[in-house]
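Below is one structure, written out as structure tokens; the observations come after it.
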Amino acid sequence: MLTVEPFQKYGRTDGAIPVLHPPHLREDAENVSRLLEAGTRHLSLLLETDPPEAGALLVSEEDWREAPREGERPYPYGLPYFTRSSSPPALVLPETLSAVFGPRTDALLPLTLWHELAHAFLLQREVVRTPVWFAEFLPQALSAAVARDEELPLAEHLMSIDREPGYTVRTFGGRASAKDQMAFQNLLLLLGDAAVREFGEGFLGRLVHALRDEREVVDEGRAEELLANALGPDGWSWLVSRSEF
Ligand SMILES: [Zn+2]
8 MLTVEPFQKY GRTDGAIPVL HPPHLREDAE NVSRLLEAGT RHLSLLLETD PPEAGALLVS
68 EEDWREAPRE GERPYPYGLP YFTRSSSPPA LVLPETLSAV FGPRTDALLP LTLWHELAHA
128 FLLQREVVRT PVWFAEFLPQ ALSAAVARDE ELPLAEHLMS IDREPGYTVR TFGGRASAKD
188 QMAFQNLLLL LGDAAVREFG EGFLGRLVHA LRDEREVVDE GRAEELLANA LGPDGWSWLV
248 SRSEF
């Protein structure tokens, strides 16, 4: 994947998603590798699909500028992302998550990794454009489902989330601050987890398959409809009863 300096010096852990890492981060890489292995197993079952061909790159701060990415300018250090600009596509992961990530519980790192991994699964095939809340709901709900399967202390994590940041996932709009972005993602996590508990994880596969059948850009109304239909007959009344929605 990465034959350029400084990544030539990086070591590699094997697995469903191989992890490249600087020599001093071997233990962190092994932990990441285990979590990605578990995530890959669950997401393959949930979405009835083969795992994506992808790698992970655990990057130290001094090498961050050289990491593959779509745009010219590096993202701020500490924000993990998934990029298709390398071959194979890569999950680019910082050594430590930015301070804006929270709540700071043992569930945070696994949830964050599975979110990016879910993007890798979803982007195996081209999909039409959707509202941001819909595009980010999927990886959040999927990572919540994996967390349940893996028996992570999810309840404790969700308890620490601010449930009323002053907007809902649909009224979030284009707020750009990192703090608002995190609050938005956490609302989506609450909604995703609640949906999995109420309707079971089967709706996730239905939703992804329905999305793949869409041929036109999915607007607000259509996104609401796709989600409600995937949930089932009570989907819409349940959604509008949720304060995050
Ligand atoms: Zn995302």
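Each residue of the sequence shown is one higher than the one before, starting from 8 at the first, in the working numbering. Yeah, the Cβ is synthetic: ideal placement off N, Cα and C, and Gly gets one too.
Heavy atom of ligand 1 within 7 Å of residue i beta-carbon
i	result
residue 258	Residue 258 is absent from the structure shown; the chain starts at 8 and stops at 252.
Cβ neighbours of residue i in the same chain (closer than 7 Å, five flanking residues each side left out)
i	result
residue 37	20
residue 13	70 and 73
residue 213	237
residue 4	In this structure the chain extends from 8 to 252, so residue 4 is not present and cannot be described.
residue 206	238 and 239
residue 40	20, 22 and 26
Presumed contact (8 Å Cβ cut-off) between residue i and residue j, rounded CB distance
i	j	result
residue 50	residue 149	6 Å
residue 83	residue 105	7 Å
residue 91	residue 81	Not quite, the Cβ-Cβ distance comes to about 17 Å (not below 8 Å), so this is no contact.
residue 64	residue 27	5 Å
residue 61	residue 97	6 Å
residue 215	residue 155	Contact doesn't hold; Cβ gap of about 18 Å is too wide.
residue 53	residue 227	No, residue 53 and residue 227 are not in contact; Cβ-Cβ is about 26 Å, not under 8 Å.
Own chain partners of residue i with C-beta closer than 6 Å, once the 5 adjacent residues on each side are dropped
i	result
residue 172	190
residue 121	46, 150 and 153
residue 193	168
residue 242	235
residue 221	135
Cβ-Cβ distance between residue i and residue j below 8 Å
i	j	result
residue 99	residue 125	no
residue 161	residue 151	yes
residue 224	residue 135	yes
residue 3	residue 18	Missing from the structure shown is residue 3; the chain here goes from 8 to 252 and no further.
residue 195	residue 131	no
residue 218	residue 233	yes
residue 110	residue 24	no
residue 114	residue 42	no
residue 95	residue 119	no
residue 182	residue 250	no
residue 59	residue 127	yes
residue 163	residue 112	yes
Contacting residues, own chain, Cβ-Cβ under 8 Å from residue i (five flanking each side not counted)
i	result
residue 85	101, 103, 104, 105, 106, 107 and 108
residue 165	196, 197 and 200
residue 123	87, 88, 89, 98, 100 and 146
residue 157	45, 49 and 117
residue 230	137, 138, 140 and 141
residue 35	28, 65 and 102
Proximity test, residue i beta-carbon vs ligand 3 heavy atom, cut-off 7 Å
i	result
residue 46	In the structure shown, ligand 3 is absent; the only ligands present are ligand 1.
Taking a cut-off of 6 Å, which residues have a beta-carbon closer than that to any heavy atom of ligand 1, in chain order? Residues with a Cβ closer than 6 Å to any heavy atom of ligand 1, in chain order: 122, 126, 143 and 146.
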